[in-house]
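The structure appears below as C-alpha coordinates.
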(Lines of atoms letter the chains of each structure in order from A and count residues from 1; the text may use other names and numbers.)
(Lines give C-alpha, C1' and ligand atoms only; values in the text may rest on other atoms or scores of the structure.)
Protein backbone atom coordinates (compact mmCIF):
# COMPACT_ATOMS: atom_id res chain seq x y z
CA UNK A 1 0.00 0.00 0.00
CA UNK A 2 3.00 2.30 0.49
CA UNK A 3 3.56 2.68 -3.25
CA UNK A 4 -0.04 3.92 -3.61
CA UNK A 5 0.08 6.17 -0.56
CA UNK A 6 3.23 7.84 -1.79
CA UNK A 7 2.04 8.34 -5.34
CA UNK A 8 -1.73 8.92 -5.26
CA UNK A 9 -3.38 10.48 -7.02
CA UNK A 10 -1.13 9.27 -9.80
CA UNK A 11 -1.65 7.40 -13.03
CA UNK A 12 -1.26 3.64 -13.26
CA UNK A 13 -2.00 0.82 -15.65
CA UNK A 14 -2.36 -2.79 -14.57
CA UNK A 15 0.63 -3.61 -16.76
CA UNK A 16 2.84 -0.93 -15.15
CA UNK A 17 1.96 -2.13 -11.65
CA UNK A 18 2.60 -5.77 -12.50
CA UNK A 19 5.88 -4.90 -14.21
CA UNK A 20 7.10 -3.03 -11.14
CA UNK A 21 5.57 -5.09 -8.32
CA UNK A 22 4.43 -8.40 -9.86
CA UNK A 23 0.94 -9.88 -10.09
CA UNK A 24 0.39 -9.37 -6.38
CA UNK A 25 -0.04 -5.63 -7.00
CA UNK A 26 -3.10 -6.19 -9.19
CA UNK A 27 -4.60 -8.54 -6.62
CA UNK A 28 -4.01 -6.00 -3.86
CA UNK A 29 -5.59 -3.21 -5.92
CA UNK A 30 -8.70 -5.34 -6.43
CA UNK A 31 -8.84 -6.16 -2.72
CA UNK A 32 -8.41 -2.48 -1.77
CA UNK A 33 -11.23 -1.57 -4.17
CA UNK A 34 -13.53 -4.24 -2.74
CA UNK A 35 -12.98 -2.93 0.77
CA UNK A 36 -13.31 0.69 -0.36
CA UNK A 37 -9.78 1.61 0.68
CA UNK A 38 -8.99 2.65 -2.87
CA UNK A 39 -10.93 3.99 -5.82
CA UNK A 40 -9.90 3.92 -9.46
CA UNK A 41 -10.80 6.83 -11.74
CA UNK A 42 -10.54 5.96 -15.44
CA UNK A 43 -9.59 8.47 -18.10
CA UNK A 44 -12.46 10.11 -19.95
CA UNK A 45 -12.74 8.80 -23.50
CA UNK A 46 -15.56 8.81 -26.01
CA UNK A 47 -14.42 5.25 -26.79
CA UNK A 48 -15.40 3.31 -23.66
CA UNK A 49 -13.18 0.35 -24.64
CA UNK A 50 -10.11 2.57 -24.20
CA UNK A 51 -10.89 3.44 -20.59
CA UNK A 52 -9.72 0.00 -19.44
CA UNK A 53 -6.51 0.14 -21.47
CA UNK A 54 -5.36 3.68 -20.69
CA UNK A 55 -3.87 4.80 -17.36
CA UNK A 56 -6.25 5.31 -14.44
CA UNK A 57 -5.74 7.36 -11.30
CA UNK A 58 -5.86 5.86 -7.82
CA UNK A 59 -7.38 7.60 -4.82
CA UNK A 60 -7.10 6.35 -1.26
CA UNK A 61 -10.36 6.36 0.69
CA UNK A 62 -8.72 8.30 3.49
CA UNK A 63 -6.75 11.31 2.28
CA UNK A 64 -5.11 11.42 5.68
CA UNK A 65 -3.02 8.38 4.76
CA UNK A 66 -1.38 10.21 1.90
CA UNK A 67 -1.09 13.46 3.80
CA UNK A 68 0.42 11.89 6.89
CA UNK A 69 2.91 9.85 4.91
CA UNK A 70 3.93 12.52 2.48
CA UNK A 71 2.70 15.94 3.59
CA UNK A 72 1.36 16.65 0.08
CA UNK A 73 -1.32 19.24 0.73
CA UNK A 74 -2.44 19.54 -2.90
CA UNK A 75 -2.94 15.81 -3.31
CA UNK A 76 -4.74 15.60 0.03
CA UNK A 77 -7.11 18.36 -1.13
CA UNK A 78 -7.68 16.51 -4.41
CA UNK A 79 -8.60 13.41 -2.38
CA UNK A 80 -11.08 15.37 -0.28
CA UNK A 81 -12.82 16.70 -3.40
CA UNK A 82 -12.84 13.23 -4.98
CA UNK A 83 -14.45 11.67 -1.91
CA UNK A 84 -17.07 14.41 -1.79
CA UNK A 85 -17.96 13.80 -5.45
CA UNK A 86 -18.28 10.06 -4.80
CA UNK A 87 -20.40 10.65 -1.67
CA UNK A 88 -22.74 12.81 -3.74
CA UNK A 89 -23.13 9.93 -6.19
CA UNK A 90 -21.31 11.47 -9.15
CA UNK A 91 -19.51 9.40 -11.76
CA UNK A 92 -16.04 10.79 -12.34
CA UNK A 93 -13.25 10.42 -14.85
CA UNK A 94 -10.14 12.50 -15.38
CA UNK A 95 -9.20 14.36 -18.55
CA UNK A 96 -5.86 13.97 -20.31
CA UNK A 97 -4.99 15.92 -23.43
CA UNK A 98 -1.80 17.94 -23.66
CA UNK A 99 -2.74 19.02 -20.12
CA UNK A 100 -4.60 17.20 -17.35
CA UNK A 101 -7.79 18.08 -15.50
CA UNK A 102 -8.47 16.22 -12.24
CA UNK A 103 -12.15 15.40 -12.66
CA UNK A 104 -14.75 15.19 -15.38
CA UNK A 105 -18.17 14.71 -13.80
CA UNK A 106 -20.33 12.79 -16.24
CA UNK A 107 -23.59 10.95 -16.75
CA UNK A 108 -23.86 9.53 -20.26
CA UNK A 109 -21.84 12.58 -21.37
CA UNK A 110 -19.35 14.97 -19.75
CA UNK A 111 -21.13 17.56 -17.61
CA UNK A 112 -18.53 19.48 -15.64
CA UNK A 113 -14.75 19.83 -15.23
CA UNK A 114 -13.11 20.29 -11.84
CA UNK A 115 -9.45 21.08 -11.23
CA UNK A 116 -8.05 20.97 -7.70
CA UNK A 117 -4.92 22.78 -6.60
CA UNK A 118 -3.72 23.94 -3.19
CA UNK A 119 -3.07 27.36 -4.71
CA UNK A 120 -4.09 28.87 -8.01
CA UNK A 121 -1.28 28.52 -10.52
CA UNK A 122 -0.95 28.45 -14.32
CA UNK A 123 -0.56 24.68 -14.67
CA UNK A 124 -3.83 24.01 -12.86
CA UNK A 125 -5.66 26.65 -14.89
CA UNK A 126 -4.23 25.33 -18.17
CA UNK A 127 -5.58 21.82 -17.53
CA UNK A 128 -9.00 23.14 -16.62
CA UNK A 129 -9.13 25.47 -19.62
CA UNK A 130 -8.16 22.69 -22.03
CA UNK A 131 -10.76 20.26 -20.65
CA UNK A 132 -13.58 22.82 -20.71
CA UNK A 133 -12.66 23.92 -24.22
CA UNK A 134 -12.25 20.46 -25.75
CA UNK A 135 -15.31 18.94 -24.05
CA UNK A 136 -17.38 22.15 -24.27
CA UNK A 137 -18.46 22.01 -20.63
CA UNK A 138 -18.28 24.43 -17.70
CA UNK A 139 -15.55 24.05 -15.12
CA UNK A 140 -14.30 25.17 -11.75
CA UNK A 141 -10.94 25.52 -10.02
CA UNK A 142 -11.06 24.48 -6.37
CA UNK A 143 -8.26 25.71 -4.10
CA UNK A 144 -7.66 25.65 -0.37
CA UNK A 145 -8.84 29.26 -0.25
CA UNK A 146 -12.19 28.65 -1.94
CA UNK A 147 -12.95 25.07 -0.85
CA UNK A 148 -15.46 26.00 1.83
CA UNK A 149 -17.25 28.57 -0.33
CA UNK A 150 -17.33 26.49 -3.51
CA UNK A 151 -20.32 24.32 -4.23
CA UNK A 152 -19.77 21.18 -6.23
CA UNK A 153 -22.09 20.57 -9.18
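In the working numbering, the protein residues as written are 492 to 644. Positions of the beta carbon are idealized from the N, C-alpha and C atoms, including for glycine. It should be emphasised that the depicted structure is a prediction, and the values quoted were computed from it without experimental measurement.
As DSSP reads the structure, residue 549 sits in a beta bridge with 531.
Going by DSSP, residue 618 is part of no beta strand (DSSP E) but of the alpha helix (DSSP H) stretching over 613-626. When secondary structure is reduced to three states using DSSP, residue 632 falls in the strand class. For residue 568, no beta strand (DSSP E) encloses it; the enclosing alpha helix (DSSP H) starts and ends at 564-578. If you draw a 10 Å sphere on the C-beta of residue 606, you find 16 or more other C-beta atoms in it, and that means buried.
Distance from residue 604 to residue 633 at the Cβ level is roughly 11 Å; contact not present, criterion being Cβ atoms closer than 8 Å. If you check the CB distance, residue 618 and residue 591 come in under 8 Å. The beta carbon of residue 530 lies closer than 6 Å to those of 550 in the same chain, with the five residues before and after it left out. Within 10 angstroms of the beta-carbon of residue 613 lie fewer than 16 other beta-carbons, which makes it exposed. The DSSP-derived three-state label of residue 604 is strand.
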